[in-house]
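J.:
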Amino acid sequence: MTRPSAYYITTPIYYVNDLPHIGHAYTTLACDVLARFMRADGHDVMFLTGTDEHGQKVEKSASAAGVEPMAFVDSVSERFRDLAGVMGFTNDDFIRTTEPRHISSCQEIWRRIAANNAPDSTESNIYLGKYDGWYSVRDEAFYAESELTKGADGVKVAPSGAPVEWVEEPSYFFRLSAWQEPLLKFYEDNPDFIAPDSRRNEVISFVRSGLLDLSISRTSFSWGVPVPDDPKHIMYVWLDALTNYITAAGFPDESKPSWETYWPADLHMVGKDIVRFHAVYWPAFLMAAGLAPPKRVYAHGWWTNEGQKISKSLGNVIDPLEMVEQYGLDAVRYFLLREVPFGNDGDFSRRSMVGRINSDLANDLGNLAQRTLSMIAKNCDGQLPSFDAATAPDADFASRESLLAARGLISGLRDIMGRQSFHEALELVWTVVRDANRTIDADAPWKLRKTDPEAMKAVLWLQAETIRHIAIVLRPFMPTAMDAMLDQLGVGTEAREFSCLSSVGELTDEHSLVPGTALPKPSPVFPRYVDEEEEEGA
Ligand code: ME8
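Each residue of the sequence shown is one higher than the one before, counting from 382 in my numbering.
1. How about the stretch 699–715 and the stretch 653–671: do they share at least three Cβ pairs that are nearer than 8 Å?
2. Have a look at A899 and R737 and give me their C-alpha separation to the nearest angstrom.
3. Could you check where the beta strand (DSSP E) with W515 kicks off and where it finishes?
4. Okay, do the stretch 818–837 and the stretch 849–867 touch, 3+ Cβ pairs below 8 Å being the bar?
5. Could you tell me the alpha carbon to alpha carbon distance between A919 and F567, rounded to whole angstroms?
6. Going by DSSP, name the residue or residues bridged to E549.
7. Can we count W640 as close to the ligand ME8, meaning its CB is less than 8 Å from some heavy atom?
8. Could you please give me the residues that DSSP links to Q561 through a beta bridge?
9. Taking P500 as the reference, give the member of K537, Y388, A665, S802 with the closest Cα.
10. E887 and I853: beta carbons closer than 9 Å?
11. Just to confirm, are T503 and F461 a CB contact at a threshold of 9 Å?
12. Check whether the stretch 553–562 and the stretch 534–541 touch, using three or more Cβ-Cβ pairs below 8 Å as the test.
13. Verify the contact flag: T685, CB atom, against every heavy atom of the ligand ME8, threshold strictly below 8 Å.
14. Looking at V651 and G682, is the spacing between their C-beta atoms short of 9 Å?
15. Let me check understanding here. Comparing Cα to Cα, which of D654, T685, P645, N686 lies closest to L667?
16. Excluding the 5 residues preceding and the 5 following S692 in the sequence, name in chain order all residues of the same chain whose CB lies nearer than 8 Å to its CB.
17. Three or more C-beta pairs under 8 Å: does that hold for the stretch 619–631 against the stretch 448–465?
18. Just checking: is the beta-carbon of R819 within a distance shorter than 9 Å of some beta-carbon in chain C?
19. By alpha-carbon positions, which one of D610, L784, A845, A576 ends up nearest to S802?
20. So, for S639: in the same chain, excluding its five sequence neighbours on each side, which residues have a beta-carbon less than 7 Å away from its beta-carbon?
21. With a 10 Å radius around its C-beta and 16 neighbouring C-beta atoms as the bar for buried, classify G447 as buried or exposed.
22. Comparing C-alpha positions only, which one of F778, N748, Q561, E782 sits nearest to R909?
23. Which residue wins for smallest C-alpha separation from I490, given the options S694, W827, E635?
24. Residues in the same chain with beta-carbon distance under 8 Å from F587, minus the five sequence neighbours each way, listed in chain order, please.
25. So, are the CB atoms of T440 and P450 less than 9 Å apart?
26. In this structure, how does DSSP classify W684 when only helix, strand and coil are distinguished?
27. For T471 and G423, I'd like the C-alpha separation in whole angstroms.
28. Can you give, in chain order, each stretch of the beta strand (DSSP E) that sits fully within the stretch 792–831 and has at least 3 residues?
29. Could you check if K690 is buried or exposed, using at least 16 other CB atoms within 10 Å of its CB as the buried criterion?
30. Is any heavy atom in the ligand ME8 found nearer than 8 Å to the beta carbon of K441?
31. Report the rounded CA-to-CA distance for G436 versus V397, giving the unit in angstroms.
32. Helix, strand or coil, according to DSSP, for I699 in the structure here?
33. Just tell me which of R781, W827, V584, S444 has its CA closest to the CA of S603.
34. Between which two residues does the alpha helix (DSSP H) containing H324 stretch?
35. Name the DSSP beta bridge partners of S598, please?
36. Less than 8 Å between the CB of F658 and some heavy atom of the ligand ME8, yes or no?
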């Protein structure tokens, strides 16, 4: 069955024992903006996030806190639900890997993987063996000797810098080595599966270099999902965690409408550090279980803070709540997706944040809306001015060009958002914002006020209609501020979806602003940010 309108997007599920930081906020924000964009464009969206609550790391943290693991995860997973409130996230589900629905899903995927033979083999995908090797609890990952280096104090460390320990225990293995060729064929057949290209190349060369079988169970601790029929073994936390994406779609009950509608997922958004798990292990597990792999994995870059790596030990972790309190939610959402080309690493600095607020938001967009709205309030009795496309001497107005450009935005944005190129989407909208500021200067309605009031009204209407288009396409990025702008334009809440935009070359249609509509008193949506530290220094 085709499902043209469904769109299933996921964030990674976050390790429950860390405090939410800018990295978590960033991944989920990107998904939230895309989910809002797709909903506004008429898609049936399922947006999932949640917490990763099993594994040795969590068991250790609970024991350090002197509580049972379940009590520990119950209290700390709350912090990630709170983050959604702080950041304005609109996830449709929040999955916890300790939920019964997930335990049965994990055990079923295991059974199916085990029931099938590895490609070109008469042996099952899963076999019992013994793991002798290095393991990092912090990364919850196994490493080959060749991947390790000596850390500062001479002990061996993983590429992530995390310490490793030697593990020897009975373990079930997944015959990953047999999936090397099917994976390479899958990447070739699905060129959009991994993005951006740099990550795709990295993954393909990793797989080409040869895959080792993967240990997928542990016996030295118990906080996890028991392996079916052998509960001394706990499923490897990454097999457990990755399975969350199908649990939330209804697996193992494949008769559920949600399964039919949403699986395979359209997009797993992840950070670059966990691309291997999502683009190598996960499609191999799914194919081994006879299930379809997701359509796309996008691995974004990492943030540094004022040029420094963010880490607890450096004490420079950025708390999303503090950022929002200081700069405002819409500005933070805008900054994170505008400042850095999505996919690249980026640096957070106070200076660049304030720069974006004052130049892009206050000067460009805020000013554009404020100029038009305050002129309408003063000179048109607070009502949307009249405009008649048939009779207005529109050919004379530069402002009609910016309206036509604003009406063309959505088709460009659809393509750009389909590639998750968030910064490019914002740059495109800002070409129109800047253009509209230029055209209002060129038309100078403040001069027309005396010489030709009808022409002034036509210019103000054209500008107001341009702002309506801009505000509607920017709502996924800055929902609160754009709703405030649309309120000031008298646009009803039912008229803010993309179906109320038009990409055709006409100036008016049935969705256009209605002359005569009474408008509320305007107030600036983006005030300038006055940096107290700089003020004091000045
Ligand atoms: O990896 N900049 O959970 P996690 C940008 N439980 N992104 C960052 C970042 C930074 N400085 N620091 C972290 C896990 N991230 C697993 C996922 S999914 C089946 C299981 C990103 O809490 C990082 O890249 O460590 C990852 O996408 C997420 O935040 C961290 O998740």
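Cβ coordinates follow ideal geometry from the N, Cα and C atoms, glycine included.
Keep in mind that this is a model prediction, so the values were computed, not measured.
T.: This is what the structure holds:
1. Judged by Cβ distances under 8 Å, the stretch 699–715 makes no contact with the stretch 653–671, as fewer than three pairs qualify.
2. Position 518 of the sequence shown, counted from the first residue, corresponds to residue 899. Position 356 of the sequence shown, counted from the first residue, corresponds to residue 737. The straight-line gap from Cα to Cα measures roughly 33 Å.
3. Numbered from 1 along the sequence shown, position 134 holds the residue referred to as residue 515. Segment 507–517, the beta strand (DSSP E) holding W515.
4. no
5. Here residue 919 refers to the residue found at position 538 when the sequence shown is read from its first residue. Here residue 567 refers to the residue found at position 186 when the sequence shown is read from its first residue. Confidence is the limiting factor: at A919 the pLDDT is only 42, short of 50, which leaves the residue's position unreliable and the question unanswerable from this model.
6. Here residue 549 refers to the residue found at position 168 of the sequence shown. According to DSSP, E549 bridges with D513.
7. For the purposes of this step, residue 640 is taken as residue 259 along the sequence shown, with counting starting at 1. Every heavy atom of the ligand ME8 is 8 Å or more from the Cβ of W640, so no.
8. For the purposes of this step, residue 561 is identified with residue 180 of the sequence shown, where counting begins at 1. Answer is none; Q561 lacks a bridge partner.
9. On the sequence shown, position 119 is the one that residue 500 refers to. Taking only the C-alpha atoms, the option nearest P500 is A665.
10. Your numbering for residue 887 matches position 506 in the sequence shown. Your numbering for residue 853 matches position 472 in the sequence shown. Not a contact, by the Cβ cut-off of 9 Å.
11. Residue mapping note: residue 503 aligns to position 122 of the sequence shown, counting from 1. Residue mapping note: residue 461 aligns to position 80 of the sequence shown, counting from 1. No, Cβ-Cβ distance for T503 and F461 is not below 9 Å.
12. no
13. Numbered from its first residue, the sequence shown carries residue 685 at position 304. Indeed, a heavy atom of the ligand ME8 lies less than 8 Å from the Cβ.
14. As a working mapping, residue 682 is identified with position 301 in the sequence shown. As a working mapping, residue 651 is identified with position 270 in the sequence shown. Not closer than 9 Å, so no.
15. Taking the first residue of the sequence shown as 1, we reach residue 667 at position 286. When only C-alpha atoms are compared, the closest one is P645.
16. Residue mapping note: residue 692 aligns to position 311 of the sequence shown, counting from 1. Same-chain partners within the cutoff: V698.
17. Too few Cβ pairs lie closer than 8 Å, so no.
18. Absent from the structure is chain C; it holds one protein chain and no more.
19. Here residue 802 refers to the residue found at position 421 of the sequence shown. It is A576.
20. As a working note, residue 639 is residue 258 in the sequence shown. The beta carbon of S639 is closer than 7 Å to those of A630, G631 in its chain, skipping five residues each way along the sequence.
21. Within the sequence shown, residue 447 is the residue found at index 66, counting from 1. So G447 counts as exposed.
22. By one-based count along the sequence shown, residue 909 stands at place 528. Of the candidates F778, N748, Q561, E782, the one whose C-alpha sits nearest the C-alpha of R909 is N748.
23. For the purposes of this step, residue 490 is taken as the residue at position 109 of the sequence shown. Comparing alpha carbon positions, the residue from S694, W827, E635 closest to I490 is E635.
24. By 1-based counting over the sequence shown, the position of residue 587 is 206. Contacts found: R657, V661.
25. Residue numbering aside, residue 440 sits at position 59 when the sequence shown is read from its first letter. Residue numbering aside, residue 450 sits at position 69 when the sequence shown is read from its first letter. One point to set straight first is that residue 440 is Glu, not Thr, in the sequence displayed. For E440 and P450, yes; Cβs fall inside 9 Å.
26. Against the sequence shown, residue 684 aligns to sequence position 303. Correct three-state label for W684: strand.
27. Within the sequence shown, residue 471 is the residue found at index 90, counting from 1. Within the sequence shown, residue 423 is the residue found at index 42, counting from 1. Their Cα atoms are separated by approximately 16 Å.
28. none
29. Translated into positions along the sequence shown, residue 690 becomes position 309. K690 should be labelled exposed.
30. Working through the sequence shown from its first residue, we reach residue 441 at position 60. Result no, Cβ not under 8 Å from the ligand ME8.
31. Numbered from 1 along the sequence shown, position 55 holds the residue referred to as residue 436. Numbered from 1 along the sequence shown, position 16 holds the residue referred to as residue 397. When only Cα atoms are considered, G436 and V397 end up about 11 Å apart.
32. Within the sequence shown, residue 699 is the residue found at index 318, counting from 1. In this structure, I699 counts as coil in the three-state DSSP scheme.
33. Translated into the one-based positions of the sequence shown, residue 603 becomes position 222. Residue S444 is the option with its Cα nearest to S603.
34. As shown, the chain starts at 382 and ends at 919. That puts residue 324 outside it, with no answer to give.
35. Numbered from 1 along the sequence shown, position 217 holds the residue referred to as residue 598. For S598, which the question treats as bridged, DSSP gives the partners M616.
36. Here the question's residue 658 lines up with position 277 in the sequence shown. Yes.
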